[in-house]
Amino acid sequence: MTLTHPSVSVPRRPFARLMRGLAAIGASEPQKRVQFDRPLTPWLFLAPQLAVVVIFFYWPSVEAVLSSFYIEDPFGFGATFVGMENYSDALTNARYQATAAFTAFFCVVVTALSLGIGLLLAVKADKVIRGAGPYKTVLISVYAIAPPVAGLIGMMIFDQHIGPITELFAFFGHDLRVGVNYWDTAIAVITISVWKQIPYNFIFFLSGLQTVPVSVREAALIDARSGWRRFRDIVLPLLAPTAFFLLIINITYAMFDTFAIFDVVVKDKPANNPMTLVYKVYLDGFKGNDIGGSSAQSVILMVVVAALTVVQFRFLERRVHYG
Amino acid sequence: MQQVKPLDHLVLILGALFMALPVIVALMSSTHAAIEIHSNGLYLTPGGDGVETYNKVLTARGGFTGDVTGLLMLGNSMIMGIGFAVGKIVLSMTAAYALVYFRFRFATLIFWAIFTTLLLPLEVRIMPSYQVMSTLGLLNSYTGLIVPLLASATGTFFFRQFFKSVPDELLEAARIDGAGPWKFFVDVLVPLSRTMMAAIFIIMFIYGWNQYLWPLIMTTDESFYTLMRGIKSILQVWVGSQIPDYNEAFALAVLAMIPPIIVVVVFQRMFIKGLTESDK
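So the protein sequences, as listed, match chains A and B. Quick note: the first sequence uses our numbering, first residue 1, plus one each step. Quick note: the second sequence uses our numbering, first residue 324, plus one each step.
What follows is the structure, given as structure tokens:
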């Protein structure tokens with residue numbers, strides 16, 4: 001049995017599709033047949049949101065772009081225009097490159113592990129219909145835990161004196177030194193970040209699985225005896241849209257939302273510890289007082305995350321069109 | 324329909340244990356004395372020092388920072404969570420209403436101006452945001468803690484989708500009955516959106532409660548500290564102390580995670596609906 005889902009097909013002209021997608025989200029899509037026709041009232045309703053957006057989004061964003069072209073005097077006596085120097089300094093800096101490489105590695109590992117484990121648990125929870133409740137509740141409740149709290153608990157579990165995981169590693173002959181040894185810290189931060197993100201993926205995969213119609217499931221059961229084949233040929237293609245959406249969300253999570261985990265585990269002591277680009281922006285800006293350099297790094301990150309979001313919008317359009 | 328194998332349950336049990344054990348460890352260890360933890364490691368069974376530890380964390384000044392009590396931080400976290408959720412709902416509902424139900428000039432431009440905010444998370448513009456707050460004199464204030472976080476259009480996007488699914492006939496009928504824009508909004512749309520509002524409230528409450536970076540840079544005055552900010556402080560105090568206050572740190576972690584966990588578990592169904600539908 002072959003079952004193709006429309007939204008898994010590869011678009012032939014991706015760019016045209018993207019533009020159409022963005023346009024569809026814009027005002028060109030079908031509007032309400034009836035609308036109020038008053039010139040002033042809508043502005044009253046929009047005013048609060050617009051005010052907040054202009055003051056707390058556009059102002060700082062523009063400020064970030066502007067200050068990325070200047071080098072600020074450390075004593076506050078004005079700033080010098082330096083053009084692209086902050087950018088070239090950042091991009092050619094060995095430490096920046098190392099951080100970028102680690103961020104990429106970190107994103108890949110965290111995304112792969114938390115998507116994989118989330119999917120595995122969702123498939124199993126979907127299978128055991130009776131008694132899935134308690135598992136679900138346990139998994140979902142971890143969603144509510146804040147990253148710094150996860151970081152704090154994780155730090156204790158990886159602690160050099162009292163941490164059970166440290167003891168486990170010692171049993172296998174490795175002296176785990178989180179916060180001192182680069183890769184040991186990386187292991188801790190990755191584990192905590194994956195742990196924190198599994199519930200999110202679980203929730204989405206499970207609700208994706210539960211929208212698979214009973215008729216499809218039954219047909220699949222007849223056509224494919226092997227559970228693995230059923231999963232690979234039927235369930236996975238049907239989950240592809242959810243998985244793609246989650247992929248973007250997980251990358252964004254690994255890049256930005258893990259800030260608190262790094263801050264708790266690394267504790268402002270970057271010495272020989274791994275960190276993500278966004279943590280470096282924070283350290284350089286607030287601790288290092290390098291406002292221009294920090295801003296240039298911010299702008300680079302802005303470009304990356306904006307690109308990711310545009311990809312996500314394109315996915316959104318697919319959902320709108322094909323359900 | 325499908326055969327359930329013991330292996331499926333085994334995988335689920337292992338998964339649930341992996342997720343739950345750290346939480347249980349935090350909860351149990353918080354009821355032991357620091358010295359016990361220091362010499363015996365973490366605990367999976369309750370101890371006898373819980374009341375004392377929580378009492379100290381909640382009420383003693385300087386329990387872990389200079390002058391704040393856990394109770395004060397709990398209150399600030401509550402203000403942060405509820406204030407953010409309410410603000411988000413009010414701002415995004417009104418804006419979405421204007422975008423969906425009105426024909427006006429520059430509507431497309433405004434649409435893009437609002438939805439561009441989805442492109443950039445606060446983290447990438449944290450430094451200039453701080454400078455703007457300091458220019459406006461909003462450091463160390465509840466306004467400064469809450470309002471800037473509202474500058475993201477997630478809620479607006481969600482309510483806009485929802486309003487578009489509301490049948491046109493409702494507005495037609497309301498207009499025949501002579502209802503103006505304000506009356507239609509208050510008497511028809513708001514009651515209709517009740518479930519959506521509740522779902523959004525849950526998600527936004529957790530989001531606001533769990534904020535870390537923003538309170539970290541925005542508050543230097545300890546009376547504005549939230550629990551998340553307190554976690555940062557308790558870890559800073561540790562440097563140099565002989566036996567770290569493991570038990571107090573765990574108690575603080577437990578306090579910080581209990582309210583959002585309760586909200587999620589109690590409103591599980593509504594929470595999942597809100598999450599999976601609003602993030603589309």
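Glycine included, every Cβ here is placed at the ideal spot set by N, Cα and C. All figures in this text were calculated on a predicted structure; none of them were measured in a lab.
- The beta-carbon distance between residue 187(A) and residue 345(B), rounded to whole angstroms, is 15 Å. This is too long to meet the 8 Å contact definition.
- When Cβ pairs closer than 8 Å are counted between the two stretches, the region 352 to 372 of chain B is seen to touch the region 158 to 168 of chain A, the count reaching three or more.
- Pairing residue 60(A) with residue 448(B) gives a Cβ-Cβ distance under 8 Å.
- Around the beta carbon of residue 483(B), 16 or more other beta carbons lie within 10 angstroms, which makes this residue buried.
- For residue 72(A), the enclosing beta strand (DSSP E) starts and ends at 70 to 72.
- In this model, residue 490(B) and residue 409(B) are separated by some 26 Å (Cα to Cα).
- Using a Cβ-Cβ cut-off of 8 Å, residue 382(B) does not count as an interface residue toward chain A, since no Cβ of chain A sits closer than that to its own.
- Residue range 182 to 209 is occupied by the alpha helix (DSSP H) that includes residue 191(A).
- Of 584(B), 463(B), 559(B), 582(B), the smallest CA-CA separation from residue 572(B) is found for 559(B).
- Interface residue (Cβ-Cβ distance to chain A less than 8 Å): residue 520(B) is not classified as such.
- Judged by DSSP in its simplified three-state form, residue 296(A) adopts helix.
- By the criterion of a C-beta distance shorter than 6 Å, residue 176(A) is surrounded in its chain by 166, 169, 184, once the five residues flanking it on both sides are discounted.
- When the beta-carbon positions are compared, residue 533(B) and residue 551(B) come within less than 8 Å of each other.
- In this structure residue 197(A) touches residue 253(A) by the C-beta definition: roughly 6 Å separates them, less than 8 Å.
- For residue 39(A), the chain B residues whose Cβ falls inside 8 Å of its Cβ are 427, 428, in order along the chain.
- Residue 79(A) is bridged by DSSP to 72(A).
- At least 8 Å separates the CB of residue 248(A) from every CB of chain B.
- The beta carbon of residue 338(B) falls within 8 Å of a beta carbon belonging to chain A, placing the residue at that interface.
- Beta-bridge partners of residue 36(A) (DSSP): 425(B).
- Going by beta carbons, residue 539(B) and residue 555(B) fall inside the 8 Å limit.
- Rounded to the nearest angstrom, the gap between the Cα atoms of residue 399(B) and residue 257(A) is 22 Å.
- A residue is called buried when at least 16 other Cβ atoms come within 10 angstroms of its Cβ; residue 182(A) does not meet this threshold and is exposed.
- DSSP places residue 328(B) outside any alpha helix (DSSP H), giving it a letter other than H or E.
- A buried status is given to residue 419(B), since no fewer than 16 other beta-carbon atoms sit within 10 Å of its beta-carbon.
- Residue 452(B) has its alpha-carbon roughly 8 Å from the corresponding atom of residue 471(B).
- Cα atoms of residue 278(A) and residue 382(B): separation of roughly 36 Å, rounded to the nearest angstrom.
- Taking a C-beta cut-off of 7 Å against chain A, the contacting residues of the region 485 to 497 of chain B are 491, 494, 495, listed in chain order.
- In this structure, residue 594(B) keeps its C-beta atom at 8 Å or more from the C-beta atom of residue 523(B).
- Between the region 494 to 502 of chain B and the region 428 to 435 of chain B there are fewer than three C-beta pairs closer than 8 Å, too few to call the two in contact.
- In this structure, residue 475(B) and residue 440(B) form a Cβ contact; the two beta carbons are roughly 5 Å apart against a cut-off of 8 Å.
- For residue 258(A), no CB of chain B lies under 8 Å from its own CB, so it is not counted at the interface with that chain.
- Look at residue 331(B): its C-beta is under 8 Å from a C-beta on chain A.
- Contact with chain B is found for residue 285(A), since one of that chain's Cβ atoms lies less than 8 Å from the residue's Cβ.
- Straight across, the Cα-Cα distance linking residue 92(A) with residue 284(A) is about 16 Å.
- Taking 8 Å as the cut-off, the Cβ atoms of residue 397(B) and residue 305(A) do not count as close.
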